[in-house]
Amino acid sequence: MARERLLILGGGFGGLDVVREVGRSRAAREHWDTVLVDKENFFQFNPLLPAVAVGAVETRHIVYPLRQMARHHHVRFLKNKARRIDLERREVLLHNDLVERFDVLVVAVGSVTEYYGIPGAVEHTRPFKTIVDAMMLRARVVELFEMAEQARTPEQRRRLLTFTIVGGGVTGVEVAAELMDMAGETLLPRYPSLQREDLAVTVIEADTRLVNTARPEHSEYVRRFLERRGVRVRLGSAVARVEPKRIHFADGGSLEAFSIVWTAGVGPPELVRALPLAHADDGRVRVDGRLRALDSQGRALDHLYVIGDSAAVERDGGRYQPRLAQTAVATGGYVGRALVAAAEGREIEPFGFKETGYIISLGQHSSVVDLFGIPLSGRLAWLLWAAAYLVKMVGFRKQLEVGLDHLTHLVFDHDSSQIMNRRQVLSDEELNLSLKGVEGDGGSAAAPGGAASAPASRRAQATPRAR
Ligand SMILES: Cc1cc2nc3c(=O)[nH]c(=O)nc-3n(C[C@H](O)[C@H](O)[C@H](O)COP(=O)(O)OP(=O)(O)OC[C@H]3O[C@@H](n4cnc5c(N)ncnc54)[C@H](O)[C@@H]3O)c2cc1C
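Letter by letter, the sequence shown follows residues 19 to 485 of our numbering.
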């Protein structure tokens with residue numbers, strides 16, 4: 019009998035668990051001809067991205083080659099991007115005019131950065147979603163320290179070292195904490211002309227508390243922890259518009275920021291939004307109790323599963339499951355088991371899932387953790403954080419590499435080498451910024467666009483800063 023074609027789009031937290039379950043079962047391997055498609059040829063372990071952004075964990079240690087994983091589980095792997103899903107014809111259109119047909123499709127393409135249509139947000143901020151975003155952020159921070167060290171006025175130094183994170187959710191606070199750790203503890207002492215007051219790391223949050231998915235006492239703990247470390251926290255500040263190097267708020271105020279990182283939210287990619295199915299308000303595809311997509315009349319489609327961040331999985335009180343790795347793993351594992359059961363001619367119970375809690379890393383070997391309702395914070399929580407993520411890394415090699423990174427950073431500072439080309443991390447305007455300063459004063463800031471604001475005759479000589 020010809021095998022049925024199972025097509026899995028996306029080899030992230032959700033997709034990989036489908037592959038694992040199907041690959042482990044002999045019956046499933048005989049029944050399904052499985053193809054995994056991902057636009058990247060690696061899996062990235064997102065929870066450690068903030069640590070990668072400051073060099074606390076090495077870049078390559080949090081990625082795992084999908085081809086190796088697919089081969090191990092007897093699955094064919096294609097590195098390609100799905101552009102359109104044709105549900106009528108049961109085909110997925112890929113790049114290079116390639117088409118993959120399917121009998122059963124699993125959509126596990128995750129989410130993309132959501133800008134909520136805020137003017138200027140896409141153009142003038144940097145996302146924090148991929149390993150490349152993390153590498154770029156780290157390179158940019160070090161590059162700006164190098165520039166600031168050579169700047170001739172306090173205003174120039176302060177301007178260059180203003181880092182603002184929009185979005186005080188888990189990712190935002192983790193990035194702010196790690197950034198402060200690297201910038202304040204490792205970099206500052208290595209740049210003799212820079213001082214603590216030259217550095218500003220700010221987190222902006224529209225809600226009245228940070229990490230509003232956590233317990234209120236943990237939100238408060240995180241705020242106090244960050245503020246103690248020198249991070250400025252602006253709560254209840256909704257961003258209305260972003261201009262180059264400036265954020266405007268809905269209440270009319272504004273804030274200058276040389277580097278703006280956008281961590282304010284995620285939403286489904288266009289591939290998912292465009293499906294002619296039932297969608298939740300945030301664009302995710304609604305699914306039934308067996309994670310099958312619902313069509314616009316609310317009927318479950320037997321041949322289409324949606325999992326992970328792309329799926330709106332109902333939970334108690336009419337709400338949807340949060341977009342977390344644990345939800346993606348649970349939904350992926352469930353669909354994998356359902357496909358194994360289908361190959362064996364049986365059915366499994368509907369999907370059931372209980373959250374285990376959350377872990378928020380705050381740098382400096384500190385975390386807050388909620389594990390099955392038990393709250394923890396501080397160093398013990400950090401140890402739990404490190405151990406939990408070590409266990410979850412794919413394969414022993416990655417566990418070893420990340421484990422050694424943690425041990426190394428318990429003893430040594432971050433490495434401050436910046437190996438990228440300046441052009442890769444700075445815009446043309448930033449590259450050409452004048453740091454020359456103004457003769458006889460230590461006070462004029464460089465004007466937006468790069469030139470010093472003082473007349474040319476006064477810009478002839480630079481005045482080194484008194485230490
Ligand atoms: C910086 C950061 C930190 C996070 N920290 C945590 C945390 O601490 N704890 C936690 O629980 N969750 C965390 N998350 C959220 C968690 O990573 C996601 O909820 C989870 O990855 C969702 O799994 P998924 O399988 O739906 O999508 P993903 O894991 O994102 O996988 C989607 C896959 O689809 C591929 N893909 C996308 N579009 C296409 C296409 N058109 N064609 C082919 N392939 C495509 C992608 O390359 C990717 O491999 C974090 C996320 C980020 C960005």
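From the three backbone atoms N, C-alpha and C, an ideal C-beta is built for every residue, glycine too.
Using only CA atoms, which one of the options lies nearest to residue i?
i    : options                : result
G350 : L123, I136, R242       : L123
E48  : M19, R38, N64, F61     : M19
R158 : N450, I437, L453, G455 : I437
G185 : V160, E365, A139, T148 : A139
A343 : E373, L449, Q86        : E373
V40  : T143, G30, E215, A88   : A88
N114 : F120, E106, R102, V125 : R102
E192 : S255, T220, Q86, P234  : T220
G396 : L402, A405, S385, R259 : S385
A126 : E365, A346, S434       : A346
D388 : P234, T143, E118       : P234
K454 : L24, M165, A292, Q213  : M165
H79  : F63, V249, Q86         : F63
A292 : L96, V81, A100         : A100
R170 : A152, T148, S211, E141 : S211
F390 : V284, T281, A232       : A232
K263 : E22, E76, T77, L444    : L444
V412 : H297, D299, V150, Q86  : Q86
H92  : R42, F60, N59          : R42
N439 : L34, F267, R156        : R156
If you reduce the DSSP assignment to three classes, tell me which class residue i lands in.
i    : result
L24  : strand
P83  : strand
Y352 : helix
A463 : Confidence at A463 is low in this model, with a pLDDT of 39, below 50, so the placement of that residue should be treated as unreliable; the coordinate-derived value is given next. Note: A463 maps to coil in three-state DSSP.
L418 : helix
L205 : helix
H383 : coil
L123 : strand
V130 : strand
D216 : helix
P393 : strand
L273 : strand
A258 : strand
D199 : helix
Is residue i buried or exposed, if buried means 16 or more other CB atoms sit within 10 Å of its CB?
i    : result
V409 : exposed
P207 : exposed
Q442 : exposed
S129 : buried
L66  : buried
E161 : buried
L398 : exposed
D216 : buried
H432 : buried
D423 : buried
Q339 : buried
Inset, instruction - Report yes or no: do three or more beta-carbon pairs, one from the region 184-197 and one from the region 69-76, lie closer than 8 angstroms? - result: yes
Inset, instruction - Report yes or no: do the region 304-311 and the region 281-290 share at least 3 C-beta pairs separated by less than 8 angstroms? - result: no
Legend entry - Whole beta strand (DSSP E) elements within the region 148-192, 3-residue minimum: As far as the region 148-192 is concerned, its whole beta strand (DSSP E) runs of at least 3 residues are 180-184.
Legend entry - Contact between the region 168-183 and the region 266-282 (3+ Cβ pairs under 8 angstroms): Yes, the region 168-183 touches the region 266-282.
Legend entry - beta strand (DSSP E) segments (min. 3 residues) lying fully within the region 42-116: 50-56, 60-62, 81-83, 94-97, 100-104, 109-112
Inset, instruction - Evaluate contact between the region 346-362 and the region 375-391, counting only Cβ atoms and requiring at least three cross-stretch pairs below 8 angstroms. - result: Contact fails: fewer than three Cβ-Cβ distances are below 8 angstroms.
Inset, instruction - Enumerate, from N- to C-terminal direction, the unbroken beta strand (DSSP E) stretches of 3 or more residues contained entirely within the region 297-369. - result: 310-312, 318-324
Inset, instruction - Check whether the region 294-307 touches the region 328-342, counting contact only when three or more Cβ pairs, one atom from each stretch, lie closer than 8 angstroms. - result: yes
Inset, instruction - Report yes or no: do three or more beta-carbon pairs, one from the region 28-36 and one from the region 55-65, lie closer than 8 angstroms? - result: yes
Legend entry - Three or more C-beta pairs below 8 angstroms linking the region 221-228 and the region 241-257: Result yes; three or more Cβ-Cβ pairs closer than 8 angstroms.
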